[in-house]
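S.K.:
Chains as they are written, first to last, in the working numbering: chain A, 918 to 1335; chain B, 918 to 1335.
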């Protein structure tokens, strides 16, 4: 009898074989596949929407919560956005084959680096059908093969999208196994996927903290993981009050539920006079302030913050607040409590800006800009497979480059080592 | 009672705290520390040699094998080499703080990357005292804190070197906990070291395959690992016979026991006329040929190669050999049997050279050059902490850069996200 493990081994083997072809595929072939996929998605919009409607109906019957239902649901506009996303990835520069740092060494050899695909990428995500197309596109353009595992509620939608993806690959003469969608909803499939180092080179989990922690625990291959975003805005001694207010309000209130939303406000004692106005503006937007004793003395209605508050990613209309002695204390506080996602300083001091940039150990560190900018599109990557809070390999927003590696190349003319 | 785990937690906490200071240490302070260490090593040469003599005496009494005894033994010249190694690392460029790719985005923010230390590096190695100084130097220069665990036979030597390292750190005003040598020989210390993600950011094992596999299995943090070197030389259709002979002989016979030594020879059928002369030259140097049927027909005295031979890193005067149809078969063979360390093509064809460079999935890929060049010094890195056969993060020879990460920096003037 065929077990889930055998099934996954089959996908793994096919993906590994396809990855060899993908690594040497021309940019034109990859772009043609992406454009053909977009075309297939538009041509099959009706089937996609029907498959999705069946998924949504079943999910509703099973009592899926509204926010997840919303993410599961595809509209005609959503289908068009998916197709456009594929076309946008086709328009991005191909990272594969780029040669850099080629330098002649004293022995006569030329030594440099060539950017190459990682090989096979496993992507595990929630019931969001659009991720199926996005993730397929990014893996394909970066010359990798992909094995995709979306949330079980979206199985029919993902299978319908996979048909279009395969049609695109086929039209461009690329192996259809370059993108495979796992067709079982058995959770054992995930366990198998993350423990096949012979077939899978890296896992990218996209979803809640629980999913990511479980996968990191089980994985026997590297994981590009995105844990929480407990982001800080620090108002330094010399902060310009206009910039401070503008950046803080955007960082905290533009969207409450994103990972790059500010969750903690630090104010230098010398800038504490700015705190009442900042707090008032937040409170006017319905944001609850939880602060230290000094905060409470300065801000009417501020609640008391516990130690736990400073570690918390609220994803809600709450912000923790602390008055600190200076930039040194702010940096130390951030390096202790931050989740190392994104932290910003508001300052007119060049010295403090440079110190903050260097010493804050987070994946994005900002001066006089909103933490909300921490995003692959805003950084000019053109696309984003996730935001890594790790230090190893890819850090911060991960675009096509994060799905590649650099190998060394040596060009000689018969040189030998002496 | 103090357990090994408590002891290791203590080292981890101290290292994490020291890593914050190291990350912001000036280049001058780091270089001063390295130069002061070199001075301390020279000044304490007598004590170092005495400690080493005690280690060697005990190892001899315990029947340590000659090759390992050789690596354990320090001479006056070895001590001087160690001091010079520290001075060489002082002379290297500081990778920390380098800002690259700073570009203005449409929103007005400038986005770029800053190179920063990884944090705390754990290094596990065999009984080779010189590695203690080398590893300390590389971690220090790259702004990391280090926890070092050398083979138990070298404990006294390593402790004596650690005294000099600490003296150097102190003289430069850097925290002494920036480099800590584990002072227990309990093997549980290694298990603890590789499973403290809160204190240790990366593990670099240096040693045999067994050690590295065990550590990779147990590790709960990233490992920069170097497994075997089953390196290939492929003689292409159009190979220049002079270059082919020169490169092959160097790759196979310059040193038999190194990871970048060639272990397998592939010859294109169109170049098979070169094989007898190549084989004869190898045999004249005492190298045994194990080949396919075609090899055996062309080479007197060639033995038959098994499937297992093509996977084997001999580290001995043996080479496997196979006649292949063309570059395509050579590339497919290498991607199946190679350990992805270093593989070379000998060719006068530009097209085949470019294909080989792109399609061979190894950490170093070479054209008309000896595999023996795969080395941090030969690549111009100035120093090497190891050679990674992984694709993730660092690949191939790992120098100071491999001990750093790049974070994103954003420079704004009050910009917010729209």
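Glycine included, every Cβ here is placed at the ideal spot set by N, Cα and C.
Decide if residue 1146 of chain B is buried, meaning its Cβ has at least 16 other Cβ atoms within 10 Å, or exposed.
M.R.: Buried: at least 16 other Cβ atoms inside 10 Å.
S.K.: What is the rounded straight-line gap between the Cα of residue 1122 of chain B and the Cα of residue 927 of chain B?
M.R.: Distance between the alpha carbons of residue 1122 of chain B and residue 927 of chain B is about 21 Å.
S.K.: Any beta-carbon of chain A closer than 8 Å to the one on residue 917 of chain B?
M.R.: Absent from the model: residue 917 of chain B. The displayed extent of chain B is 918 to 1335, so no value can be given.
S.K.: Using 8 Å as the threshold, is the region 1066 to 1079 of chain B in touch with the region 1007 to 1025 of chain B, meaning 3 or more CB pairs across them?
M.R.: The region 1066 to 1079 of chain B vs the region 1007 to 1025 of chain B: no contact.
S.K.: List the residues of chain B that residue 1414 of chain A touches, going by C-beta distances under 7 Å, in chain order.
M.R.: This structure gives no information on residue 1414 of chain A, because the portion of chain A shown stretches from 918 to 1335.
S.K.: Which residues, in chain order, does the region 1010 to 1044 of chain A contribute to contact with chain B at a C-beta distance below 8 Å?
M.R.: Taking 8 Å as the Cβ-Cβ cut-off against chain B, the residues of the region 1010 to 1044 of chain A that qualify are 1014, 1020, 1022, 1024, 1026, 1028, 1031, 1033, 1035 and 1036.
S.K.: Have a look at residue 1039 of chain B and residue 1308 of chain B and give me their C-alpha separation to the nearest angstrom.
M.R.: If I take the Cα positions, the gap works out to 20 Å.
S.K.: I'd like the span of the beta strand (DSSP E) that includes residue 1358 of chain B, first residue to last.
M.R.: Not covered by the structure: residue 1358 of chain B. The range shown for chain B is 918 to 1335.
S.K.: State the Cα-Cα distance for the pair residue 1090 of chain A and residue 956 of chain A, rounded to the nearest angstrom.
M.R.: Straight-line Cα distance between these residues: approximately 16 Å.
S.K.: Excluding the 5 residues preceding and the 5 following residue 1016 of chain B in the sequence, name in chain order all residues of the same chain whose CB lies nearer than 6 Å to its CB.
M.R.: Same-chain partners within the cutoff: 1029 and 1031.
S.K.: Quick test of your reading: residue 1334 of chain A and residue 1295 of chain B, contact by CB under 8 Å. State the CB separation rounded to the nearest angstrom.
M.R.: Indeed, because the Cβ distance is near 7 Å, the residues count as touching under 8 Å.
S.K.: Residue 1126 of chain A versus chain B: which residues are under 8 Å apart at the beta carbon?
M.R.: Residues of chain B passing the Cβ test: none, with the nearest at roughly 16 Å.
S.K.: Kindly give me the distance between the Cβ atoms of residue 1264 of chain B and residue 1279 of chain B, rounded to whole angstroms, as I take these residues to be in contact under 8 Å.
M.R.: With a Cβ gap of about 16 Å, residue 1264 of chain B and residue 1279 of chain B do not count as contacting.
S.K.: If the cut-off is 7 Å on Cβ atoms, which residues from the region 1281 to 1300 of chain B count as contacting chain A, listed in chain order?
M.R.: Of all residues in the region 1281 to 1300 of chain B, 1281, 1282, 1283, 1284, 1285, 1286, 1287, 1289, 1290, 1295, 1296 and 1297 have a Cβ within less than 7 Å of some Cβ in chain A.
S.K.: Determine the direct distance from the alpha carbon of residue 1172 of chain A to that of residue 1068 of chain A, and round the result to whole angstroms.
M.R.: The straight-line gap from Cα to Cα measures roughly 25 Å.
S.K.: Go ahead and label residue 1104 of chain B buried or exposed: buried means 16 or more other beta carbons lie within 10 angstroms of its beta carbon, across all protein chains shown.
M.R.: Residue 1104 of chain B comes out exposed.
S.K.: According to DSSP, is residue 921 of chain A helix, strand or coil?
M.R.: In this structure, residue 921 of chain A counts as helix in the three-state DSSP scheme.
S.K.: Would you check if the region 1233 to 1252 of chain A and the region 1203 to 1219 of chain A touch, i.e. whether three or more CB-CB distances between them fall below 8 Å?
M.R.: Yes: the two stretches touch, three or more of their Cβ pairs being nearer than 8 Å.
S.K.: With a threshold of 8 Å, are at least 3 pairs of Cβ atoms found where one atom belongs to the region 1267 to 1285 of chain B and the other to the region 987 to 1003 of chain B?
M.R.: With the cut-off at 8 Å, the region 1267 to 1285 of chain B and the region 987 to 1003 of chain B do not touch.
S.K.: Measure the beta-carbon distance from residue 1301 of chain B to residue 1315 of chain B and round it to whole angstroms, keeping in mind my assumption that it falls under 8 Å.
M.R.: Yes, they are in contact, since the Cβ atoms of residue 1301 of chain B and residue 1315 of chain B sit about 6 Å apart, within 8 Å.
S.K.: Using a Cβ cut-off of 8 Å, which residues of the region 1110 to 1121 of chain A contact any Cβ in chain B, in chain order?
M.R.: Residues 1118 and 1119.
S.K.: Just to confirm the assignment: which complete beta strand (DSSP E) runs, minimum length 3, are found wholly within the region 999 to 1033 of chain A?
M.R.: With a minimum length of 3 residues, the continuous beta strand (DSSP E) runs that stay inside the region 999 to 1033 of chain A are 1016 to 1021.
S.K.: So, at 8 Å on beta carbons, what are the nonlocal neighbours of residue 1252 of chain A in its own chain, with the 5 sequence-adjacent residues on each side left out?
M.R.: Answer for residue 1252 of chain A: 1276, 1277 and 1278, listed in chain order.
S.K.: Restricting to Cα atoms, I'd like to know which of B:1201, B:953 and B:1256 is closest to residue 1115 of chain A.
M.R.: The option with the nearest alpha carbon to residue 1115 of chain A is B:1256.
S.K.: Within a Cβ cutoff of 6 Å, which residues of the same chain sit near residue 1081 of chain A, ignoring the five residues on either side of it in sequence?
M.R.: Counting only Cβ-Cβ distances below 6 Å, and skipping sequence neighbours, we find 954, 957, 958 and 961.
S.K.: Which residues share a DSSP beta bridge with residue 1328 of chain A?
M.R.: A:1027 and B:1284.
S.K.: Secondary structure at residue 935 of chain A, three-state DSSP: helix, strand or coil?
M.R.: Note: residue 935 of chain A maps to helix in three-state DSSP.
S.K.: For residue 1185 of chain A and residue 932 of chain B, I'd like the C-alpha separation in whole angstroms.
M.R.: The alpha-carbon atoms of residue 1185 of chain A and residue 932 of chain B are separated by roughly 29 Å.
S.K.: Using DSSP's beta-bridge definition, name the partner residues of residue 1062 of chain B.
M.R.: In the DSSP output, where bridge partners are listed per residue, residue 1062 of chain B has B:1037.
S.K.: DSSP on residue 1209 of chain A, reduced to helix/strand/coil?
M.R.: Residue state, collapsed to three classes: coil.
S.K.: Between A:1164, A:1000, A:925 and A:1044, which lies nearest to residue 976 of chain A when the distance is taken from Cα to Cα?
M.R.: Residue 976 of chain A has its Cα closest to that of A:1044, out of A:1164, A:1000, A:925 and A:1044.
S.K.: How many whole angstroms separate the CB atoms of residue 1215 of chain A and residue 1244 of chain A, which I take to be in contact at a CB cut-off of 8 Å?
M.R.: At roughly 20 Å, the Cβ-Cβ gap does not stay under 8 Å, so residue 1215 of chain A and residue 1244 of chain A are not in contact.
S.K.: Report all residues from its chain with a CB closer than 7 Å to the CB of residue 1051 of chain A; omit the five preceding and five following residues, and keep chain order.
M.R.: So the list reads 1002, once near-sequence residues are dropped.
S.K.: Going by the beta-carbon positions, is the gap between residue 947 of chain B and residue 1126 of chain B smaller than 8 Å?
M.R.: The answer is no: Cβ separation not under 8 Å.
S.K.: Quick one: any contact between the region 1199 to 1216 of chain A and the region 1132 to 1148 of chain A, if contact means 3 or more CB pairs under 8 Å?
M.R.: Because the criterion of three Cβ pairs below 8 Å is not met, the region 1199 to 1216 of chain A and the region 1132 to 1148 of chain A do not touch.
S.K.: Name the DSSP beta bridge partners of residue 1122 of chain A, please?
M.R.: Answer is A:1041.
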